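Numbering follows the numbering used here, with no gaps: position 50 of the sequence shown is 48. Worksheet: the structure to be examined is printed underneath.
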Amino acid sequence: MLEKLIECYSEVSDAYTNETGSPYYRDDEPNYLDEYDAALPDDLPVIPEAVGCMITKMKPICNSILASQYRDYGNDHRWIIKHYDTFALAWLLGVWRVEETGEIVKLEAE
-1 MLEKLIECYS
9 EVSDAYTNET
19 GSPYYRDDEP
29 NYLDEYDAAL
39 PDDLPVIPEA
49 VGCMITKMKP
59 ICNSILASQY
69 RDYGNDHRWI
79 IKHYDTFALA
89 WLLGVWRVEE
99 TGEIVKLEAE
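See below:
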């Protein structure tokens, strides 16, 4: 079975690479590798909606995550302190899943 899988892999690999070993795609074929690269990760940070709203408002005017921590966000501040790794990941990626709704939010590039 393993030999059969290896043979199938080499056939597919040969079909998608040219003689230099670079990926090759015909215009009429979908490029699944590009789609995979553009896809969002499965393990997006999950944050409360209020914290997401705060990131959306603060990130454009407060370019440093360190500077953002000196502001008081009320109850949201407590969540941020308790889940700082998750908050930092959402801030840096600019994309997260809303805890209450499951919606994915992605900040637009500036």
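In this text, a Cβ means the ideal position worked out from N, Cα and C, and glycines have one as well. Note that the structure is predicted; figures quoted are calculated from it, not measured.
When DSSP labels each residue in this structure, what does residue i get in the three-state scheme?
i: Lys55; result: helix
i: His75; result: helix
i: Leu38; result: coil
Considering only C-alpha positions, which residue in the set the options is nearest to residue i?
i: Leu38; options: Leu90, Thr54 and Trp94; result: Trp94
i: Cys78; options: Glu5, Asp41, Pro46 and Val96; result: The question names Cys, yet the displayed sequence has Ile at residue 78. Comparing Cα-Cα distances from Ile78 to each of Glu5, Asp41, Pro46 and Val96, the minimum goes to Pro46.
i: Val44; options: Thr54, Glu1, Thr84 and Ile59; result: Thr84
i: Asn73; options: Leu90, Gly92, Met52 and Ala86; result: Met52
i: Val49; options: Ser62, Ile63, Val96 and Glu1; result: Val96
i: Lys57; options: Asp40, Leu42, Glu5 and Leu87; result: Leu87
i: Tyr82; options: Thr54, Glu98 and Ile63; result: Ile63
When you compare only the Cα positions, how much space is there between residue i and residue j?
i: Lys80; j: Glu101; result: 22 Å
i: Leu90; j: Glu5; result: 42 Å
i: Glu98; j: Glu1; result: 48 Å
i: His75; j: Thr54; result: 15 Å
Looking at the strands, I want to know which residues DSSP matches up with residue i.
i: Ile102; result: Arg95
i: Val44; result: Arg95
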